[in-house]
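In what follows, a single structure is set out as structure tokens and then discussed.
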Amino acid sequence: MRILIVEDDTSLVEGLKKALAPSGFAIDHESSGSDAVEIVPSEAYSLIVLDLGLPDIPGQEVLRRLRGNGCEVPILILTALGEVKDKVKCLNLGADDYLTKPFDLDEFEARVKALVRRGKGRLDPILRCGSLMLDTSSATAMIDDLPLPLRRREVTVLEILMSHAGRLVRKERLISEIFGFDEPVAPNAIELYIGRLRQKLGPRGPTIKTVRGLGYLMENK
Numbered sequence: 001m002r003i004l005i006v007e008d009d010t011s012l013v014e015g016l017k018k019a020l021a022p023s024g025f026a027i028d029h030e031s032s033g034s035d036a037v038e039i040v041p042s043e044a045y046s047l048i049v050l051d052l053g054l055p056d057i058p059g060q061e062v063l064r065r066l067r068g069n070g071c072e073v074p075i076l077i078l079t080a081l082g083e084v085k086d087k088v089k090c091l092n093l094g095a096d097d098y099l100t101k102p103f104d105l106d107e108f109e110a111r112v113k114a115l116v117r118r119g120k121g122r123l124d125p126i127l128r129c130g131s132l133m134l135d136t137s138s139a140t141a142m143i144d145d146l147p148l149p150l151r152r153r154e155v156t157v158l159e160i161l162m163s164h165a166g167r168l169v170r171k172e173r174l175i176s177e178i179f180g181f182d183e184p185v186a187p188n189a190i191e192l193y194i195g196r197l198r199q200k201l202g203p204r205g206p207t208i209k210t211v212r213g214l215g216y217l218m219e220n221k
């Protein structure tokens with residue numbers, strides 16, 4: 001399952017990533033509200049974490065635009081504004097929950113999981129690419145209706161590639177979404193995961209192409 005964090009405080013983002021890493025979430029990050037509004041329609045997110053104090057446009061305007069564009073993804077608001085009127089305004093604009101800074105990371109994780117569970121009824125957790133099917137809610141994959149044994153991080157890599165089928169996924173992005181910010185990463189770690197996935201997908205599954213010096217691309221077939 002993938003989460004988009006829209007927040008310009010990079011140190012906070014790294015802390016949020018670390019809190020969610022054990023649960024196996026794939027994390028995308030945008031520091032610009034306008035960029036978030038642009039990419040959300042083309043991505044399959046289970047949750048959006050949205051800060052109100054963004055550098056380009058107010059978070060409340062981002063929220064209004066997302067809901068106005070038909071986005072039904074659950075949205076968790078992060079803000080230093082703790083007055084009731086601010087919470088009411090965000091909830092009326094379509095926010096699903098509201099967390100005031102500073103907050104405990106355990107509470108943040110609990111709210112994220114609750115919103116993801118609540119949103120499963122509204123979102124299709126199934127990703128497909130040719131004969132390959134990935135159920136992001138149960139972290140299980142199948143090829144031609146046969147189970148595909150995958151480890152947790154292999155599932156995360158596969159979900160990212162399938163969510164961007166036909167498009168380049170940079171190696172740096174895979175590293176940032178799979179590993180915690182203070183976790184040591186071997187130089188060939190991503191190559192190892194890609195190699196294992198290629199072996200498990202075999203000739204029946206979609207092809208993962210290497211774009212030398214840039215990253216990887218899953219053929220959309």
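Per my numbering, the very first residue in the sequence shown carries number 1; after that it's consecutive.
Backbone N, C-alpha and C define an ideal beta-carbon position, used for all residues, glycine too.
The structure displayed is predicted, hence computed values, not measured ones.
>> Short of 7 Å in beta carbon distance, which residues of its chain neighbour Phe-179, apart from the five on each side in sequence? Order them along the chain.
In response: Val-185
> CB-CB under 6 Å to Asp-28, same chain, minus the five flanking residues each way: which ones, in chain order?
Replying inline: Leu-4
>> Closest to Val-73 by C-alpha separation, out of Ile-57, Ala-80 and Ser-42, would be which residue?
In response: Ser-42
> Hey, quick one: how far does the alpha helix (DSSP H) through Glu-14 stretch, first residue to last?
Replying inline: 10 to 20
> If you follow the beta strand (DSSP E) that Thr-100 is part of, which residue opens it and which one closes it?
Replying inline: 97 to 100
> Using CA coordinates, which residue listed in Thr-156, Ala-189 and Val-169 is at the minimum distance from Leu-214?
Replying inline: Residue nearest to Leu-214 within the set Thr-156, Ala-189 and Val-169 is Val-169 (criterion: CA-CA distance).
> So which of Leu-12, Asn-220 and Val-211 has the shortest CA-CA distance to Pro-102?
Replying inline: Taking only the C-alpha atoms, the option nearest Pro-102 is Leu-12.
>> According to DSSP, is Asp-226 part of a helix, a strand, or is it coil?
In response: Lying outside 1 to 221, the shown extent of the chain, residue 226 is not represented and no answer is given.
> So the alpha helix (DSSP H) Leu-158 belongs to, where does it begin and stop?
Replying inline: Per DSSP, Leu-158 belongs to the alpha helix (DSSP H) from 152 to 163.
> So, do the region 30 to 44 and the region 84 to 91 have three or more beta carbon pairs nearer to each other than 8 Å?
Replying inline: Short answer: they don't touch.
> What is the residue span of the beta strand (DSSP E) that Glu-7 lies within?
Replying inline: Where Glu-7 is concerned, there is no enclosing beta strand (DSSP E), given that its DSSP letter is neither H nor E.
>> I'd like the span of the alpha helix (DSSP H) that includes Arg-170, first residue to last.
In response: Where Arg-170 is concerned, there is no enclosing alpha helix (DSSP H), although the beta strand (DSSP E) it sits in stretches over 168 to 170.
> Whose CA, out of Asn-188, Leu-76 and Val-40, lies closest to the CA of Lys-113?
Replying inline: Leu-76
> When DSSP labels each residue in this structure, what does Leu-115 get in the three-state scheme?
Replying inline: helix
>> Using CA atoms only, rank isn't needed, just tell me which of Met-1, Glu-219 and Ile-48 is closest to Gly-205.
In response: Glu-219
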